[in-house]
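Trainee: Take this structure, written in structure tokens, and hold onto it; I'll ask about it next.
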Amino acid sequence: MSVLKYLNIIKSWILTNRRRYLGLIAVVTVLGTVLLSGMIIILSLRNGINCLEDRMGADLMIVPLGEESKTEGILIKGEPGYYYLDKDVTEKLKDSDIEGIDKCAGQFFLVSSNQGCCDIPVQFIGIDKNEDFTVLPWIKKTHSKDVLTDGSIVVGSDLDVPEDGRIRFFGRYYKVSAQLEETGTGLDQAAFSNMTTIRDLYAAAKSKGFTFIDGIDVDNNISTILIKVKDGYTPAEVKHNIRAAIDGLQVIETKSMTNSVESSLRTFVLMLYILLIVIFILSLVILSVVFKLSVYERTTQFALMRSIGASGRQIRGLILTEALVVSALGTLTGVVLTTLVVLPFKTAISSAVSIPFLFPDLPGMVIIYSLVIGISLVSGPVSAYISAHKLFKSDVF
Amino acid sequence: MKKIQGIAGVIISIVAGVGPYTFLHVCGSGMGMEAPCKNVPIASLITAIILFAISLVSIISGFKGGFKESANFVIDGLGIVVGVVLTGIPTFIIGVCNSAHMHCNMVTKPALIILGIILIIISAAGVLVDSKNNIQVIGKAEAVK
Numbered sequence: 377m378s379v380l381k382y383l384n385i386i387k388s389w390i391l392t393n394r395r396r397y398l399g400l401i402a403v404v405t406v407l408g409t410v411l412l413s414g415m416i417i418i419l420s421l422r423n424g425i426n427c428l429e430d431r432m433g434a435d436l437m438i439v440p441l442g443e444e445s446k447t448e449g450i451l452i453k454g455e456p457g458y459y460y461l462d463k464d465v466t467e468k469l470k471d472s473d474i475e476g477i478d479k480c481a482g483q484f485f486l487v488s489s490n491q492g493c494c495d496i497p498v499q500f501i502g503i504d505k506n507e508d509f510t511v512l513p514w515i516k517k518t519h520s521k522d523v524l525t526d527g528s529i530v531v532g533s534d535l536d537v538p539e540d541g542r543i544r545f546f547g548r549y550y551k552v553s554a555q556l557e558e559t560g561t562g563l564d565q566a567a568f569s570n571m572t573t574i575r576d577l578y579a580a581a582k583s584k585g586f587t588f589i590d591g592i593d594v595d596n597n598i599s600t601i602l603i604k605v606k607d608g609y610t611p612a613e614v615k616h617n618i619r620a621a622i623d624g625l626q627v628i629e630t631k632s633m634t635n636s637v638e639s640s641l642r643t644f645v646l647m648l649y650i651l652l653i654v655i656f657i658l659s660l661v662i663l664s665v666v667f668k669l670s671v672y673e674r675t676t677q678f679a680l681m682r683s684i685g686a687s688g689r690q691i692r693g694l695i696l697t698e699a700l701v702v703s704a705l706g707t708l709t710g711v712v713l714t715t716l717v718v719l720p721f722k723t724a725i726s727s728a729v730s731i732p733f734l735f736p737d738l739p740g741m742v743i744i745y746s747l748v749i750g751i752s753l754v755s756g757p758v759s760a761y762i763s764a765h766k767l768f769k770s771d772v773f
Numbered sequence: 008m009k010k011i012q013g014i015a016g017v018i019i020s021i022v023a024g025v026g027p028y029t030f031l032h033v034c035g036s037g038m039g040m041e042a043p044c045k046n047v048p049i050a051s052l053i054t055a056i057i058l059f060a061i062s063l064v065s066i067i068s069g070f071k072g073g074f075k076e077s078a079n080f081v082i083d084g085l086g087i088v089v090g091v092v093l094t095g096i097p098t099f100i101i102g103v104c105n106s107a108h109m110h111c112n113m114v115t116k117p118a119l120i121i122l123g124i125i126l127i128i129i130s131a132a133g134v135l136v137d138s139k140n141n142i143q144v145i146g147k148a149e150a151v152k
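Sequences listed follow chains Z and X, in order. Each residue of the first sequence is one higher than the one before, counting from 377 in our numbering. Each residue of the second sequence is one higher than the one before, counting from 8 in our numbering.
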């Protein structure tokens with residue numbers, strides 16, 4: 377029997393019993409939808425955490441006492457914030473000759489305001505270009521030869537760069553010299569500059585009437601000091617050394633920040649895996665039961681087909697093809713529905729979750745789609761196999 | 008099929024009309040700045056009202072005789088045009104804010120685009136079904152002759 381004849385017979389079955397087939401297609405649709413959206417979410421969370429770990433660059437962060445949660449908000453949730461230390465902390469670190477410190481770089485934080493209809497608060501981070509080891513390696517697109525010159529900024533992936541390559545903050549225009557790769561963290565909405573530019577930004581903010589903390593200026597204050605630990609030392613050891621040498625500082629191990637995010641997500645991801653497995657098994661069970669009943673119901677029809685010359689193998693092939701058609705229609709519907717809902721709203725989803733969330737790149741998405749389509753497609757034939765296999769096992773003809 | 012198209016059209020028109028004023032809201036203007044997206048709600052509302060009217064006609068129409076086929080194709084065609092307009096409002100017709108994290112860009116724009124695409128698909132399906140029905144009717148008429 378040719379494939380076309382198979383399909384014509386299956387089409388007549390579907391048209392005769394639309395409700396049953398709609399129900400079967402709905403089951404596979406749900407399976408495809410849940411599998412696809414679940415796997416996209418899981419992979420996005422993993423990508424976000426991995427990117428956060430990679431982007432940290434530093435092993436330790438020195439911040440003012442009590443500002444650990446604000447630091448997490450800035451780095452992870454994208455909640456702009458600021459705090460300040462005396463700049464002499466940097467001198468104290470160098471003078472104390474603390475063991476285990478490989479590199480040291482200071483950063484100065486500012487926050488832009490929401491100036492009206494189309495501005496969102498942006499985290500500004502002033503860095504010393506000669507000391508920095510966390511920002512420059514992540515530059516994706518360079519718009520000019522030299523980045524972080526006076527009057528220029530480097531922006532995160534989420535900040536829109538106008539055609540003229542300039543962005544306005546506090547009434548002054550700054551040239552965008554580069555854009556960073558996407559990380560799925562709060563740093564995607566940050567802008568980086570050298571200390572001269574941040575001084576200019578601070579003055580511009582003050583001229584507009586924005587105040588941060590009284591008595592603060594770029595020359596005498598710093599927001600955080602990032603530390604890279606030498607090989608052979610652990611961050612915990614160097615943290616202890618710093619605390620022993622200098623009082624009144626909060627020393628954060630960046631690994632512990634990412635670990636705490638990871639552990640809070642672990643349970644959620646585990647529940648998601650369990651949900652996916654349960655949905656898959658449930659779908660197989662439902663499909664198996666319905667196909668079994670459907671085959672049993674049509675025993676007379678199949679016997680008639682046998683009597684006019686169709687072989688048992690052909691009829692089993694017909695049943696499996698029927699199952700494949702149902703799976704294919706359900707898979708297509710599920711994949712299209714999920715694509716229409718998840719992909720256009722991905723920015724809204726990642727904004728809403730407030731944890732590192734980075735959608736998979738194109739190769740990753742191709743793998744996810746292929747996997748989901750494959751699993752959903754085989755669900756029908758796998759469910760129908762036993763019923764089809766048992767049919768006419770013992771021939772009386 | 009026309010009734011199903013009509014009901015779908017009514018639902019899409021309600022979401023497209025009410026949404027931009029509520030859960031699909033756009034940015035507000037402020038501090039002397041006008042948001043690029045500020046006219047999206049009114050444009051969407053006008054389009055939704057037109058779609059609502061077309062959908063109502065589709066649900067309650069009792070076109071008879073030869074006029075029915077033409078009327079069905081007109082309704083389908085209008086549905087496609089309205090779908091294109093809905094898709095175009097946040098993109099090439101009016102547009103929204105550029106910043107990826109503005110609500111109009113994150114939520115309003117994809118929602119209107121999806122509603123427009125769904126309407127285009129439903130109307131295109133209507134064209135296919137009506138064409139098929141026409142062929143069957145013509146076939147029956149030929150047979151009777």
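For each residue, glycine too, the CB sits at the ideal point set by N, CA and C.
Lys468/Z by DSSP, collapsed to three states: which one?
Mentor: Helix.
Trainee: What is the DSSP secondary structure of Tyr578/Z, counted as helix, strand or coil?
Mentor: Here Tyr578/Z sits in helix by DSSP.
Trainee: Whose CA, out of Ala686/Z, Asn617/Z, Ile401/Z and Ile503/Z, lies closest to the CA of Leu705/Z?
Mentor: If we check each option's Cα against that of Leu705/Z, Ile401/Z comes out closest.
Trainee: Name the chain X residues that come within less than 8 Å of Ile592/Z, Cβ to Cβ?
Mentor: Correct list: empty, because the minimum Cβ distance to chain X is about 25 Å.
Trainee: Taking 9 Å as the threshold (C-beta atoms), are Ala481/Z and Val530/Z in contact?
Mentor: Contact: no.
Trainee: Tell me which same chain residues have a C-beta within less than 8 Å of the C-beta of Gly16/X, skipping the five on either side of it?
Mentor: Taken in chain order, the residues that qualify are Leu58, Phe59, Ile61, Ser62, Ser65, Gly86, Leu126 and Ile129.
Trainee: Could you tell me which uninterrupted alpha helix (DSSP H) segments, each at least 4 residues in length, are contained entirely in the region 605-657 of chain Z, listed from first to last along the chain?
Mentor: Runs of the alpha helix (DSSP H) inside the region 605-657 of chain Z: 611-621.
Trainee: Taking 9 Å as the cut-off, decide whether the C-beta atoms of Gly408/Z and Ile749/Z are in contact.
Mentor: Contact flag set, yes.
Trainee: Would you check if the distance between the CB atom of Val403/Z and the CB atom of Ser659/Z is smaller than 9 Å?
Mentor: Their beta carbons are under 9 Å apart, which means Val403/Z touches Ser659/Z by this criterion.
Trainee: Report the CB separation of Leu696/Z from Tyr761/Z in whole angstroms; it is logged as a contact under 8 Å.
Mentor: With a Cβ gap of about 7 Å, Leu696/Z and Tyr761/Z count as contacting.
Trainee: In its own chain, which residues sit with a C-beta less than 6 Å from the C-beta of Phe773/Z, not counting the 5 before and 5 after it?
Mentor: A caution first: Phe773/Z carries a pLDDT of 47, below 50, which makes its placement in the model too unreliable to give a value.
Trainee: Let me confirm a value: Glu41/X is counted as buried when at least 16 other C-beta atoms fall within 10 Å, else exposed. Which label applies?
Mentor: It counts as exposed.
Trainee: Do Gly756/Z and Leu648/Z have their C-beta atoms closer together than 9 Å?
Mentor: Cβ atoms of Gly756/Z and Leu648/Z: not closer than 9 Å.
Trainee: How is Tyr28/X classed by DSSP in three states: helix, strand or coil?
Mentor: Three-state result, Tyr28/X: helix.
Trainee: Contact defined as beta carbons within less than 8 Å: I believe Gly24/X pairs with Ile49/X. What is the distance between those atoms, to the nearest angstrom?
Mentor: Not a contact, Cβ separation roughly 10 Å.
Trainee: Hey, could you find the ends of the alpha helix (DSSP H) Pro757/Z is sitting in?
Mentor: Element bounds for Pro757/Z: Leu738 to Lys766.
Trainee: Give me the subset of the region 715-732 of chain Z whose CB atoms are less than 7 Å from a CB atom of chain X, sorted by chain position.
Mentor: Listed by position, the residues of the region 715-732 of chain Z near chain X (Cβ gap below 7 Å) are Leu716, Pro720, Phe721, Thr723, Ala724 and Ser727.
Trainee: Out of curiosity, what's the CA-to-CA distance linking Leu738/Z and Leu421/Z?
Mentor: Each residue's Cα considered, the two are about 16 Å apart.
Trainee: Is it true that the CB of Thr723/Z sits closer than 9 Å to the CB of Asn112/X?
Mentor: Against a cut-off of 9 Å, the Cβ pair of Thr723/Z and Asn112/X comes out as a contact.
Trainee: Name the residues in the region 540-566 of chain Z whose C-beta lies less than 8 Å from a C-beta of chain X; which are they?
Mentor: Residues passing the 8 Å Cβ filter: Gln565.
Trainee: With DSSP as the reference, please indicate the residues paired to Ala566/Z in a beta bridge.
Mentor: DSSP, once it has assigned bridges, lists Gln499/Z as partnering Ala566/Z.
Trainee: I'd like the list of long-range same chain contacts for Gly13/X, defined as Cβ closer than 6 Å, with 5 residues on each side in sequence excluded.
Mentor: Closer than 6 Å at Cβ, skipping near neighbours: Ser62, Ser65 and Ile66.
Trainee: Look up Cys480/Z in the DSSP assignment and give the residues it is bridged to.
Mentor: DSSP lists Ile603/Z as partners of Cys480/Z.
Trainee: Rounded C-beta distance between Ser553/Z and Gly502/Z? I'm assuming under 8 Å.
Mentor: Incorrect: roughly 14 Å between the Cβ atoms, too far for contact.
Trainee: Bridge partners of Val531/Z, per DSSP?
Mentor: The partner list for Val531/Z (beta bridge, DSSP) reads Gln555/Z and Ala567/Z.
Trainee: Against chain Z, does Val118/X count as a neighbour if the rule is that its beta carbon must be under 9 Å from one of theirs?
Mentor: Checking the sequence shown, residue 118/X turns out to be Ala, not Val. Yes - at least one Cβ of chain Z is within 9 Å of the one on Ala118/X.
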